[in-house]
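Enquirer:
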Amino acid sequence: MSTTALTRRATARRPAWRSSGALGLGIATLWLSIIVLLPLAAVVARGFDGGIDTFWHAITNRQAIAALRFTVLVSLLTALVNAVAGTLIAWVLVRDRFPGKRIVNALIDLPFALPTIVAGLTLLALYGDQGVVDIHIAFTQWAVLLAFLFVTLPFVVRAVQPVLIELDREMEQAAVSLGAGNWTVFRRIVLPNLVPAILSGAALAFARAVGEFGSVVLISGNIPLKTQVSSVYIFNQIESDSEISAAAVATVLLLVSVLVLIGIRGLGRWGARHERALAEDGR
Amino acid sequence: MIAATNITKRFGDYVALDDVSLEVPDGSLTALLGPSGSGKSTLLRIIGGLESPDEGSVQINGEEATTISPQRRGIGFVFQHYAAFKHMTVHDNVAFGLKIRKQPKARVKERVDELLGIVGLAGYAARYPSQLSGGQRQRMALARALAVEPRVLLLDEPFGALDAKVRAELREWLRRLHEEVHVTTLLVTHDQEEAMSIADHIAVMDHGKIEQVGAPRDLYDQPANSFVMSFLGPVSKLGTKLVRPHDIALSQHAIEGAAQAMVSRVVHLGFEVRVDLMLAEGQAVEVQLTRHEADELELSSGDIVWLRTAGAAALRA
Amino acid sequence: MTLTRRWRITLRAVALGYLALLLLAPVGVIFYRTFEHGVGAVWDSITTPAAVSAFWLTVEVAAIAVPLNTIFGIVMAMALARGRFRGKWLLNAAIDLPFAISPIVIGLALVLVFGVNGWFGGALADAGIKVIFSVPGIVLATIFVSLPFVVREVTPVLREVGDEQEQVAATLGANGWQTFWRITLPAIRWGIAYGVVLSVARAIGEFGAVSVVSGKIAGETQTLTLLVENRYGNYDVSGAYAAATLLALIALATLLAMTLIKPRREENE
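Residue numbers (this note's numbering), protein chains in the order written: chain A, 45 to 327; chain B, 21 to 337; chain C, 382 to 650.
1. Between the C-alpha atoms of Val492 of chain C and Val542 of chain C, what's the straight-line distance to the nearest angstrom?
2. Measuring only between beta-carbons, confirm whether Leu392 of chain C sits less than 7 Å from chain A.
3. So that I know if they touch, is there some Cβ in chain C lying closer than 7 Å to that of Asp173 of chain A?
4. Hey, would you say the C-beta of Phe199 of chain A is under 6 Å away from at least one heavy atom of the ligand GDP?
5. Report all residues from its chain with a CB closer than 7 Å to the CB of Asp189 of chain A; omit the five preceding and five following residues, and keep chain order.
6. Of the residues that make up the stretch 567-580 of chain C, which ones have a beta carbon closer than 9 Å to any beta carbon in chain B?
7. Rounded to whole angstroms, what's the CA-CA distance from Leu489 of chain C to Gly164 of chain A? Just pull it up for me.
8. Strictly by DSSP, which residues pair up with Asp296 of chain B?
9. Within this structure, are the beta carbons of Pro254 of chain B and Val307 of chain B separated by less than 7 Å?
10. Could you tell me which residues DSSP puts in a beta bridge with Ser271 of chain B?
11. According to the neighbour-count rule (16 or more other Cβ atoms, all chains shown, within 10 Å of its Cβ), is Leu67 of chain A buried or exposed?
12. Any beta carbon of chain C sitting closer than 7 Å to that of Ala150 of chain A?
13. Output, in sequence order along the chain, the residues in the stretch 239-256 of chain A whose CB is closer than 9 Å to any CB in chain C.
14. So what does DSSP say about Tyr171 of chain A, is it helix, strand or coil?
15. Would you please state the rounded distance, in angstroms, between the beta carbons of Val260 of chain A and Ala191 of chain A? I believe it to be under 8 Å.
16. Among C:Gly557, C:Ala550, C:Leu539, which one has its Cα closest to the Cα of Ser570 of chain C?
17. Have a look at Gly228 of chain B and Arg309 of chain A and give me their C-alpha separation to the nearest angstrom.
18. For chain C, check one thing: does any of its Cβ atoms lie closer than 7 Å to the Cβ of Thr55 of chain A?
19. Residues of chain C with CB closer than 7 Å to the CB of Pro83 of chain A, please, in chain order.
20. Measure the C-alpha to C-alpha separation of Asp140 of chain A and Asn149 of chain A and round it to an integer number of angstroms.
21. Could you name the residues of chain C that His202 of chain B contacts, counting a contact when the two beta carbons are closer than 9 Å?
22. Could you check whether the Cβ of Gln548 of chain C sits closer than 7 Å to any Cβ belonging to chain B?
23. Between the C-alpha atoms of Leu317 of chain B and Ala269 of chain B, what's the straight-line distance to the nearest angstrom?
24. What residues from chain C crowd round Lys13 of chain B, counting only those whose CB sits closer than 8 Å?
25. Please classify Ser244 of chain A as buried or exposed, where buried requires at least 16 other C-beta atoms within 10 Å of its C-beta.
26. Applying the criterion that 16 or more other CB atoms from any shown protein chain within 10 Å of the CB defines a buried residue, is His111 of chain B buried or exposed?
27. Once the 5 residues before and after Ala555 of chain C are set aside, which same chain residues still bring their CB inside 7 Å of it?
28. Round the Cβ separation of Gly91 of chain A and Ile288 of chain A to the nearest angstrom and send it over; I've been treating them as touching at under 8 Å.
29. Going by DSSP in three states, Gly245 of chain A sits in which element: helix, strand or coil?
30. Using DSSP's beta-bridge definition, name the partner residues of Ile27 of chain B.
31. Have a look at the DSSP bridge pairing and note the partners of Tyr34 of chain B.
32. So Ile642 of chain C and Val578 of chain C are in contact, right, with Cβ under 8 Å, and what is the actual spacing, rounded?
33. By the three-class DSSP mapping on this structure, what secondary structure does Thr536 of chain C have?
34. Can you grab the Cα-Cα spacing for the pair Ala86 of chain A / Gly502 of chain C, in whole Å?
35. If we require 3 or more residues per run, which beta strand (DSSP E) segments fall completely within the stretch 44-72 of chain B?
36. Please work out which residues of its chain come closer than 6 Å, Cβ to Cβ, to Ala294 of chain A, disregarding the five sequence neighbours upstream and downstream, and give them in chain order.
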């Protein structure tokens, strides 16, 4: 799709009072292409520079495949824990009342605001060898899970919170009036309405975890075949000038990211349809 | 005068306006009346320059305006949901168009004060739109549109978002304002009562076409077709004829050529009395009587009566 | 759904306990560790020439990247919220890419285009411009990772505000530029502010992508986050804690700004 075709179309369809945006759109698209799309294309191109065999060899190399498998597994576990803990936290923040709730609510975003390297260092300070408490999980696979859980905490909470706020309480009251107990109300009424939000929050957490680097680089110990995640593996390949190998594994991570994004868009559409159906029911 | 000639507008496959022509006489208050989806708002937006027509042309005071941007068309536009500039005070809202035209400050203030007086918001200049009621916001929007001394005023369902009481008040108020300011006004509404009570001309639209144009009374008494007739008021079907329920006379004696019917229900609505009847061939008919007429007839359920049309307006169904 | 008091308190305790162990305890410990030898030592540690240079480089990079992303973000948001054009869904999806991609992949991607052996490497070298292992590379990486924030914050606000105010402004004689400055921009200012705060936080805190492209030359291409890692790697643990605490304070300021802006941003809704 060329930029000129895009802008011409925009002008043709717009009424006169807002015809000015086309040039801006063209420049913004060009900007996005140069900064984001072109470099990503370069990764894929470089990954296949040595042909498909070299690519395949690079990603099935023992260390690479071990790192990929470990990363995906821990990321899935991260998504799962987040789905439960995030929903619980969102529920407490929306439905419960306690002093200091506003502060807790603001703190949820801390992992977004805190640099990942600082997050890694803080976890190391608490749970490392010279840590304050007697839990020494640094340089184990659990440490990676912990770091992932830290940086991905806000995703499910922030996805579920607004849905829970908007959720029609009368629906629950109606269920109760029909004799449903708390567990039934949660399972049959509340949860089905939250599922799209939980899934998309968990998917974002998964995507973030798969690519995470700063928070794990210190605490994982980077032990190949054991605690090394893919991003660290790629980093090591770059440092040792194995660009093709780095680009090949990066291409796999890129593919995972794109698939998750597509999945989330699908979920968004599903959620919207869900809501529309509810709205139409209400009429 | 506004003249829209042979306007066609499509949105994808949907034809919103199909070769529509309309003339709005100078100084008139004309209503575009029709159900939702009839194309009335689209026609208004095309006249205002907010949409461009696929075919046809728009002239304002004899000047070709089809390709002129809304900025230079000399129009005032008022939206159903006010479109108040939320971050500006009432004063700044009304002053907006004057400031764009780089009028001197003193002149702006004088004009804004004058307009706020006209629309009854004299003490509200320093308030923000969020501090006003819906009716006040809409009066502010009218003052804002009038500030730039538009050649024509275009109102898109201006009272549609207000509750019934405020709506009735604002209707009266707009009618008086129009007599004062006398700017050519085109108003879009789906409410026939609003159109009848406020406009001196009505254009009835349906399915992207104008069905009939005329004075309110003419449309009511001489509707061009069954759509116009039923959109402007209640209709009863008597045999093959469409008749207004108040144009049917009842008699307790058999009359040559009149239809025989049985009274099924009598409903007293204050001054008006509604009689539900069942014709001999099984068709239901509604008749409106004055209380006086009903008292004379002493009707009750089960009575047999004879019906005939008494008024002028009747259409073949 | 009305829970008994006992259930409510149990759920509350579990949720808050999880947050305390995962978030508060580690961050609290690092503050404690930083200041256990007194404020003076911390001050000395964050005013060394390397630290001061890292601080100013971080500020400089954010000061370039954030305004560019803000302008881009507003233009893109206007197009996504108001425009109708072919390929809009594709553009919409592409904007989220920086959120989903590993920072290391981002760093690598930039090296492959702007590095010495990259697609533009030859041309840039001929022009005498060094991007990778230099400040421009850090700026590019920072722009990349913080690109979506303003777009994603402003687009829903624009949709919510609608375009009727802009249409009225047009009928009152305002041209496109006047309408943008006087009507559109004031309506979306808090959405922009929120996006800018998020962008600043991300720009200051970016580590992975920057560490690939920077070359980590102390006093030249070392940002604050790189300084933390560098000190930790050189067994200067307390120095690393001090720099980390400085960054954590910036993060807390970010949270405060987010909390203050959020309600104003939602006024439009």
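Glycine is no exception: its CB is placed at the ideal position from the N, C-alpha and C atoms.
Expert: In brief:
1. 41 Å
2. yes
3. no
4. What this structure holds is no ligand at all, so the ligand GDP is not there to describe.
5. What sits at residue 189 of chain A in the sequence shown is Leu, not Asp. Val118, Leu121, Thr122.
6. Pro567, Ala568, Arg570
7. 22 Å
8. B:Arg285, B:Glu306
9. no
10. B:Trp326
11. exposed
12. yes
13. Leu248, Ala251, Arg252, Val254, Gly255, Glu256
14. helix
15. 5 Å
16. According to the sequence as given, residue 570 of chain C is Arg; it is not Ser. Out of C:Gly557, C:Ala550, C:Leu539, C:Leu539 has the C-alpha closest to the C-alpha of Arg570 of chain C.
17. 37 Å
18. Caution is warranted here: a pLDDT of 34 is assigned to Thr55 of chain A, below 50, making its placement in the model unreliable, and the coordinate value is therefore given only provisionally. For Thr55 of chain A, the answer is no, since every Cβ of chain C falls outside 7 Å of its Cβ.
19. Ala490, Leu491, Leu493, Val494
20. 12 Å
21. Neighbours of His202 of chain B on chain C: none; closest Cβ ~20 Å, over 9 Å.
22. yes
23. 11 Å
24. Residue numbering for chain B in the displayed model covers 21 to 337; residue 13 of chain B lies beyond these limits and cannot be assessed.
25. buried
26. buried
27. Arg563
28. 7 Å
29. helix
30. B:Val40
31. B:Phe31
32. 6 Å
33. helix
34. 12 Å
35. 49-53
36. Val87, Ile278
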